[in-house]
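Participant: Next up is a structure, given as structure tokens.
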Amino acid sequence: MQLVGEATEASTSPGVASVRLRIPAKAEYIALGRLALTGLAQACALDSDAVADLKLALTEAVSNSVRHAYGSPGEGQVEIRYELNRDRVTVEVVDDGTGFDPDEMPSFDGDDLTEGGLGIAIIRTIADEIEIESRPGVRGSRLRFVKRLA
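Counting from 1 along the sequence shown, just add 3 to a position and that's the residue number in my numbering.
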């Protein structure tokens with residue numbers, strides 16, 4: 004299997020690193036998103052606990068787009084935007100698939116964070132900030148989360 008994504012933008016300035024990655028909406032491409040995050044995290048010397056949390060949240064966000072946004076696997080694309088600052092990491096996941104009602108998401112009360120099933124609830128637990136823009140019957144969703152580092 005060959006994994007191919009498109010890095011559409013990458014920039015760095017003192018204290019800031021950002022990357023934009025576009026991948027096919029297929030489960031096997033989620034690994035590219037995680038690899039890009041890992042590379043940025045290493046460049047910014049993030050601690051391993053923060054990286055593990057961010058990778059879990061990213062996996063859940065992209066998995067939701069892959070599983071729910073499009074009628075068939077691989078039908079569309081998912082764009083992932085990363086921005087690492089000295090005090091926070093921001094990740095944004097955007098698709099142009101079928102929207103959903105963010106107010107009808109399950110809640111999560113617990114310490115056992117595992118992948119699958121409670122994606123947005125898990126992201127809410129990990130992130131310090133979360134924004135969701137989506138509506139049922141409208142094309143496109145945007146999920147943005149921020150993890151503060153200090």
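We put the CB at the ideal spot given by N, CA and C, even for glycine.
1. Which one or two residues does DSSP pair with residue 93 in a beta bridge?
2. By the 10 Å Cβ neighbour count, where 16 or more other Cβ atoms means buried, how is residue 139 classified, buried or exposed?
3. Under 6 angstroms Cβ to Cβ from residue 19, same chain only, skipping five residues before and after it: list those, please.
4. Residue 40 to residue 95, Cα distance in whole Å?
5. For residue 101 and residue 67, what's the separation of their Cα atoms in angstroms?
6. Please name the residue in 27, 98 and 151 whose C-alpha comes closest to that of residue 132.
7. Is residue 139 helix, strand or coil when you go by DSSP?
8. Taking the beta carbon of residue 80 as the centre, do at least 16 other beta carbons fall within 10 Å, making it buried, or is it exposed?
9. Applying the 10 Å Cβ sphere with the 16-neighbour rule, what's the burial state of residue 75?
10. Roughly how far, in whole angstroms, is the beta-carbon of residue 44 from the beta-carbon of residue 130, given that I think they are within contact range, below 8 angstroms?
11. Measure from the alpha carbon of residue 134 to the alpha carbon of each residue in 149, 128 and 30, then state which is nearest.
12. Quick one: Cα of residue 72 to Cα of residue 64, how far?
13. Mind checking which residues open and close the alpha helix (DSSP H) that includes residue 46?
14. What does a CB cutoff of less than 6 angstroms around residue 142 pick up in its chain, not counting 5 residues either side in sequence?
15. Does the distance from the CB of residue 50 to the CB of residue 153 come in under 8 angstroms?
Facilitator: The relevant details are as follows:
1. Along the sequence shown, one-based indexing puts residue 93 at 90. Answer by DSSP bridge pairing, in chain order: 86 and 149.
2. On the sequence shown, position 136 is the one that residue 139 refers to. Exposed is the call here.
3. For the purposes of this step, residue 19 is identified with residue 16 of the sequence shown, where counting begins at 1. Once the five neighbours on either side are set aside, the close Cβ partners of residue 19 are 88.
4. Start at 1 with the first residue of the sequence shown, and residue 40 comes out as number 37. Start at 1 with the first residue of the sequence shown, and residue 95 comes out as number 92. Straight-line Cα distance between these residues: approximately 12 angstroms.
5. Along the sequence shown, read from residue 1 onward, the residue named residue 101 stands at position 98. Along the sequence shown, read from residue 1 onward, the residue named residue 67 stands at position 64. About 11 angstroms.
6. What you label residue 132 is simply residue 129 of the sequence shown in a count that begins at 1. Selected option, being the one with the closest Cα: 151.
7. On the sequence shown, residue 139 is found 136 positions in, with the first residue counted as 1. Coil, per DSSP.
8. Translated into positions along the sequence shown, residue 80 becomes position 77. Burial call: buried.
9. Indexing the sequence shown from 1 puts residue 75 at position 72. Residue 75 comes out exposed.
10. Residue mapping note: residue 44 aligns to position 41 of the sequence shown, counting from 1. Residue mapping note: residue 130 aligns to position 127 of the sequence shown, counting from 1. Wrong, their Cβ atoms sit about 15 angstroms apart, outside the cutoff.
11. The count along the sequence shown starts at 1 and reaches residue 134 at position 131. That would be 149, whose Cα lies nearest to the Cα of residue 134.
12. Counting from one through the sequence shown, the residue named residue 72 turns up at place 69. Counting from one through the sequence shown, the residue named residue 64 turns up at place 61. Roughly 11 angstroms between the two C-alpha positions.
13. Taking the first residue of the sequence shown as 1, we reach residue 46 at position 43. Note, residue 46: alpha helix (DSSP H), 33-46.
14. Taking the first residue of the sequence shown as position 1, residue 142 is located at position 139. Closer than 6 angstroms at the Cβ level, and outside the excluded window around residue 142, lie 99.
15. By 1-based counting over the sequence shown, the position of residue 50 is 47. By 1-based counting over the sequence shown, the position of residue 153 is 150. For the 8 angstroms CB-CB criterion, residue 50 and residue 153 do not form a contact.
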